[in-house]
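Enquirer: Residues in the sequence shown are numbered consecutively from 542, following the working numbering.
Backbone N, C-alpha and C fix where the C-beta goes; we use that ideal spot for every residue, glycine too.
The model shown is predicted, which means the values in this text are computed figures rather than measured ones.
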Amino acid sequence: MHDTTALLVELGAVILGLGLVGRLAGRIGLSPIPLYLLAGLAFGHGGLIPLDASEEFTMVGAEIGVILLLLLLGLEYSASELVTSLKTQYPSGAVDFVLNATPGAVAALILGWGPVGAVALAGVTWISSSGVIAKVMTDLGRLGNRETPVILGVLVMEDLAMAIYLPLLTAMLAGVSLAGGSLALVIALGAVGLVLYLALRHGRLISRAVSSDNPEMLLLVVLGLTVLVAGVAQQLQVSAAVGAFLVGIALSGEVAEGARKLLTPLRDLFAAVFFVFFGLSTNPADIPPVLLPAALLAIITTFTKIGTGYYAARRAGVGPRGRWRAGGTLVARGEFSIVIAGLAVATEPRIGPIATAYVLILVIVGPLTARWTQPIAAKIEARRGGGGGDKAVGVSGAEAEPVAKSAPERRLGSHDDLTPEPAGEKHE
Numbered sequence: 542m543h544d545t546t547a548l549l550v551e552l553g554a555v556i557l558g559l560g561l562v563g564r565l566a567g568r569i570g571l572s573p574i575p576l577y578l579l580a581g582l583a584f585g586h587g588g589l590i591p592l593d594a595s596e597e598f599t600m601v602g603a604e605i606g607v608i609l610l611l612l613l614l615g616l617e618y619s620a621s622e623l624v625t626s627l628k629t630q631y632p633s634g635a636v637d638f639v640l641n642a643t644p645g646a647v648a649a650l651i652l653g654w655g656p657v658g659a660v661a662l663a664g665v666t667w668i669s670s671s672g673v674i675a676k677v678m679t680d681l682g683r684l685g686n687r688e689t690p691v692i693l694g695v696l697v698m699e700d701l702a703m704a705i706y707l708p709l710l711t712a713m714l715a716g717v718s719l720a721g722g723s724l725a726l727v728i729a730l731g732a733v734g735l736v737l738y739l740a741l742r743h744g745r746l747i748s749r750a751v752s753s754d755n756p757e758m759l760l761l762v763v764l765g766l767t768v769l770v771a772g773v774a775q776q777l778q779v780s781a782a783v784g785a786f787l788v789g790i791a792l793s794g795e796v797a798e799g800a801r802k803l804l805t806p807l808r809d810l811f812a813a814v815f816f817v818f819f820g821l822s823t824n825p826a827d828i829p830p831v832l833l834p835a836a837l838l839a840i841i842t843t844f845t846k847i848g849t850g851y852y853a854a855r856r857a858g859v860g861p862r863g864r865w866r867a868g869g870t871l872v873a874r875g876e877f878s879i880v881i882a883g884l885a886v887a888t889e890p891r892i893g894p895i896a897t898a899y900v901l902i903l904v905i906v907g908p909l910t911a912r913w914t915q916p917i918a919a920k921i922e923a924r925r926g927g928g929g930g931d932k933a934v935g936v937s938g939a940e941a942e943p944v945a946k947s948a949p950e951r952r953l954g955s956h957d958d959l960t961p962e963p964a965g966e967k968h969e
């Protein structure tokens, strides 16, 4: 079969399969992410029917999927709201690092991987998946929840911390001098600072420059700007996801609203491709030998992430149910963990299989904990006589008010413990 013909056949089959899997997930009330991953695992290297012709296209599509997920999430919030969140949530970032990096570092030292392996595995267990979490919150209709800015604050701090972590890890892996590592760190921090400055100080000017009454022109300009900034950020050792997110917060008003409507279908398509590619790149034969240690590490860090989210949401004044939802939502690991493992595998080859199994477990478990952590916690509290946690803190009607929605009703949903504050409202 001709290469182009094989590519079209494989892509058509993959996209059609994604649609059918998504419909199945909707019927059973489950996020489609775990099913996308399992489908990729079944048809990847070592799977049932390897998809070779479309591998390169799928890899590029996966990168675009992560970029669009973070762009759309950034469009929900303004730059001022981001700064406020970072100022109020930095203690939560410190707790996040201590609780979730420590298990990975300790496990690596126990396995005899040495300091470099410990730093690498600490990053794998520390960083949540912004891409998976953004998709889960969208699927569950939680972008309007009061705990969502808290989750976003933790994720952004993690993403920005990568600007420090990745250059240091790369320097350790390469064995470069202190001066070389410091230079990479300065470049990364300078890039983050520049993008933040442009977003905070000149966001309105950027919005005016991007604005267009023609939907086609608006789509091309916003998408082109986002991919360009993401690529430059990646080149400067800053996460492409951070670049895409900052483009989103730099845009506001009608521009943000129009871009959101135009880009949502593209996001859904390429996000699905991202999760399938993750499964395609995993060889099922590599998983069984490391499944036990990876599962133990996943169990430990599931509880530490839930604790992180609960603590962060409590500091922000979110009610009990929102605290548990925040914790459950943060459990998933994904794109950053794979990037870190890929960097370290040349120095410590054993990190590859365990990181893959670990991420695969949590990228499947993450959407489940996002959905079920709060109901399970409520049942446990009810059995203990706490009435689901609300009466214990003297909350009744206040948390039952829905979040106020903007004029175009752009929120995807509100839940039962929200206050009338327009959490995450986009404004000029």
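List, from N- to C-terminal side, the alpha helix (DSSP H) runs of 4 residues or more that fit wholly inside the stretch 657–727.
Expert: Counting whole runs of 4 or more residues, the stretch 657–727 contains the alpha helix (DSSP H) stretches 671–680, 689–715.
Enquirer: Would you give the residue range spanned by the alpha helix (DSSP H) that L871 belongs to?
Expert: From DSSP, L871 is part of no alpha helix (DSSP H); its letter is neither H nor E.
Enquirer: Tell me, please, whether the stretch 899–911 touches the stretch 652–659 by the rule of three or more beta-carbon pairs shorter than 8 Å.
Expert: In short, these stretches do not touch, since the Cβ pair count stays below three.
Enquirer: Buried or exposed for A675, going by 16 or more other Cβ atoms inside 10 Å?
Expert: It is buried - the Cβ of A675 has at least 16 other Cβ atoms within 10 Å.
Enquirer: Tell me the residue span of the alpha helix (DSSP H) that contains R801.
Expert: 794–821 is the extent of the alpha helix (DSSP H) around R801.
Enquirer: Thinking just about the alpha-carbon of each residue, which of L609, S822, L612 is nearest to the one in L579?
Expert: Ranking L609, S822, L612 by Cα distance to L579 puts S822 first.
Enquirer: Excluding sequence positions up to five away, which residues of its chain have a Cβ less than 7 Å from the Cβ of I651?
Expert: Same-chain partners within the cutoff: there are none.
Enquirer: Between the C-alpha atoms of V773 and I605, what's the straight-line distance to the nearest angstrom?
Expert: Approximately 14 Å, taken between the alpha carbons.
Enquirer: Please classify G765: does DSSP put it in a helix, a strand, or coil?
Expert: Note: G765 maps to helix in three-state DSSP.
Enquirer: Pairs of beta-carbons, one from the stretch 876–890 and one from the stretch 662–671, closer than 8 Å: are there three or more?
Expert: A contact exists between the stretch 876–890 and the stretch 662–671.
Enquirer: Report, in whole angstroms, the separation of the C-beta atoms of A646 and L838, which I expect to be a contact under 8 Å.
Expert: No, A646 and L838 are not in contact; Cβ-Cβ is about 11 Å, not under 8 Å.
Enquirer: Considering Cα atoms alone, identify which of A923, G858, T888 is closest to T629.
Expert: Checked all of A923, G858, T888; the closest Cα to T629 is G858.
Enquirer: Hey, L803 and L833 are a contact pair by Cβ (cut 8 Å); roughly how many whole angstroms apart?
Expert: About 46 Å separates the two Cβ atoms, so there is no contact after all.
Enquirer: My guess is that G682 and S748 are in contact by the Cβ rule of under 8 Å, so how many angstroms apart are they, rounded?
Expert: In fact, because the Cβ distance is near 27 Å, the residues do not count as touching under 8 Å.
Enquirer: CA-CA distance, A948 and Y851?
Expert: Residue confidence is low: A948 scores 30 on pLDDT, short of 50, so the model does not pin down where it sits. No coordinate-derived value is stated.
Enquirer: To the nearest whole angstrom, what separates the beta carbons of L559 and A813, a pair I think is in contact under 8 Å?
Expert: Going by Cβ atoms, the distance from L559 to A813 rounds to 5 Å, so yes, they are a contact pair.
Enquirer: Could you say if the stretch 702–715 and the stretch 750–758 meet the contact criterion of at least three C-beta pairs nearer than 8 Å?
Expert: No, because fewer than three Cβ pairs between the stretch 702–715 and the stretch 750–758 fall closer than 8 Å, the two stretches do not touch.
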